[in-house]
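Colleague: My structure is below; once you've seen it, I'll send some questions.
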Amino acid sequence: MEDVPLPALFEQARKIHNSATATASAADQEVVKKGCEALHRCEDMVNNLGLFSPNETKEDISTTNLKYILVPFYLAELTEKLAQDDRIHILKASQAKLKEFISFCEAMELVPKEELESYIEGASKTVADQRARKIARFKRQRAAESKLLEIKEQKERRGRSTKAAALSTPVEAGEEEVLDDDGEEEREAWITTISLAICKALDLLDMLKKEEEMLSAVKDRQSKDGDKEFSKDVLDERAKKAEAWHHDSAVRARYTKPSPPITCATFAQDVLEGRAKASQAHDHKHQPLIFGPASLVNGNITTERERMAAQVFQPSHRMPTMSIEEAGLKEMEIMNKWQERNVRLMEEANSSWHNDRKSKPGEDDDEDDAAQEKARAWDDWKDDNPRGAGNKRLTPCG
């Protein structure tokens, strides 16, 4: 490693860092140790070469040296991945490197003003300020990631275009052109990477501080009560909780019966929102939905303030008065009534016609005789008056 130049050593350490921090699972400790060793060597070489000066700003640093600002940040993240018995020592070493990285970026005028104020003054006490700071930091992080992706895509497109042009236009020997790298694009990419690292460093620093406080509290309790007593108390408490949970589950399973399936959509929604239990019986009656706070749902509203709070988040549209099952049952009931009415009408019509024929047979005979007499008179009239007899003038011989 001593014979490797600084650019190659930094590239090797950066690949180890990317592979170790790409997944949330535990990384290979040998690889992490190798990355830490390479980054320590990079840090020594940067200090020996004097690449950075406290009197410089980001404009004074050359593009090829910008990437070496990330050495403390990479070293802090890899140090946090180390697995040792003394976790507090690891946390303190990682925090020291993060603070070194943030302080150097502050001197180079790379830290945003609002982040710098919060970092110098410490974490604000109000929850609203903490939330606003985290949201602003998250937006800057997303913007930096989008910018890096855009620069990467532009570089890939330019590479494909250059390759296609070289293949389509043959170049004779001695006429090759040396294409200059886009220094402005590379510089913008590294500055964006440093901005992204600053956001991650601030988040990691807060997380490591909280973890150190928790481990310090546990260590203090262990020093007071003793390691054996503390571990024994914790194990006994966990065993009691597990035994009580299993006992209660066995008792409940003895008398518990599977609840019937829910067939009413309204009742299912009531169960999901906590207004009813699955074991309760339901008769498909629609209950008005309440969208207010959970503390006031199905509660006794006694004051005007509670009444106004219960009306929060009400729907802007009219809610249905019945469920789909109720509408289907209602429509089926209407169809059954309609069919029963038609059957009754048909029975009444048939029975009245049949009774009328049997009760008055003479009237039908008289009607038949009158119809026959009328037909005979019509036939006689047609015999006496043939067709066209009154239109003599219209005939040719008339």
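Quick note: the sequence shown uses our numbering, first residue 48, plus one each step. Ideal Cβ placement from N, Cα and C applies to all residues, glycine included. Just so we're clear, the structure is a prediction, and the values are computed from it rather than from any experiment.
Starting from the Cα of glutamate 232, find the closest Cα among Leu196, Ala264 and Lys257 and give me that residue.
Modeller: Of Leu196, Ala264 and Lys257, the residue nearest in Cα terms is Leu196.
Colleague: Under a Cβ-count criterion, where at least 16 other Cβ atoms within 10 Å of its own Cβ denotes burial, should glycine 435 be classed as buried or exposed?
Modeller: When all chains shown are included, glycine 435 counts as exposed.
Colleague: Consult DSSP for glycine 375 and reduce its assignment to one of helix, strand or coil.
Modeller: Three-state result, glycine 375: helix.
Colleague: Count the C-beta pairs between the region 202–216 and the region 137–157 that are closer than 8 angstroms, then say yes if the count reaches three, no if not.
Modeller: Flag = no, the region 202–216 and the region 137–157 do not touch.
Colleague: Since leucine 125 and histidine 64 should fall inside the 8 angstroms C-beta cutoff, what is the C-beta to C-beta distance between them, to a whole number of angstroms?
Modeller: Going by Cβ atoms, the distance from leucine 125 to histidine 64 rounds to 6 angstroms, so yes, they are a contact pair.
Colleague: Rank Leu117, Glu192 and Asp132 by C-alpha distance to the C-alpha of alanine 248 and give the top, closest one.
Modeller: Out of Leu117, Glu192 and Asp132, Leu117 has the C-alpha closest to the C-alpha of alanine 248.
Colleague: Count the CB pairs spanning the region 83–91 and the region 101–111 that are closer than 8 angstroms, and state whether there are at least three.
Modeller: Contact between the region 83–91 and the region 101–111 is absent, because fewer than three Cβ pairs lie under 8 angstroms.
Colleague: Have a look at Ser150, Ala69, Glu90 and Leu145 and flag the residue whose alpha-carbon is nearest the alpha-carbon of threonine 104.
Modeller: Nearest option by C-alpha distance: Ser150.
Colleague: Helix, strand or coil: which one does DSSP assign to histidine 364?
Modeller: Histidine 364: coil per DSSP, three-state reduction.
Colleague: Which residues bound the alpha helix (DSSP H) around asparagine 65?
Modeller: Where asparagine 65 is concerned, the enclosing alpha helix (DSSP H) stretches over 53–68.
Colleague: Using a 10 Å radius around the Cβ and a threshold of 16 neighbouring Cβ atoms, would you call aspartate 317 buried or exposed?
Modeller: It counts as buried.
Colleague: Three-state secondary structure (DSSP) at valine 158?
Modeller: The answer is coil: DSSP assigns valine 158 none of H, G, I, E or B.
Colleague: Go ahead and pull the three-state DSSP assignment for threonine 111.
Modeller: Correct three-state label for threonine 111: helix.
Colleague: Relative to the C-alpha of isoleucine 182, which residue among Lys194, Glu162 and Ser193 is closest?
Modeller: That would be Glu162, whose Cα lies nearest to the Cα of isoleucine 182.
Colleague: With distances taken Cα to Cα, identify the nearest neighbour of aspartate 253 among Lys266, Ala374 and Ala143.
Modeller: Minimum Cα distance to aspartate 253 is reached at Ala143.
Colleague: Quick one: give me the first and last residue of the alpha helix (DSSP H) that lysine 80 is part of.
Modeller: Taken as a continuous stretch (DSSP letters only), the alpha helix (DSSP H) holding lysine 80 covers 76–96.
Colleague: Alanine 291: buried (16+ other C-beta within 10 angstroms of its C-beta) or exposed?
Modeller: Alanine 291 is exposed by the Cβ-count criterion.
Colleague: Can you tell which of Ile135, Leu53 and Arg285 has its C-alpha closest to the C-alpha of leucine 262?
Modeller: Nearest of Ile135, Leu53 and Arg285 to leucine 262, Cα basis: Ile135.
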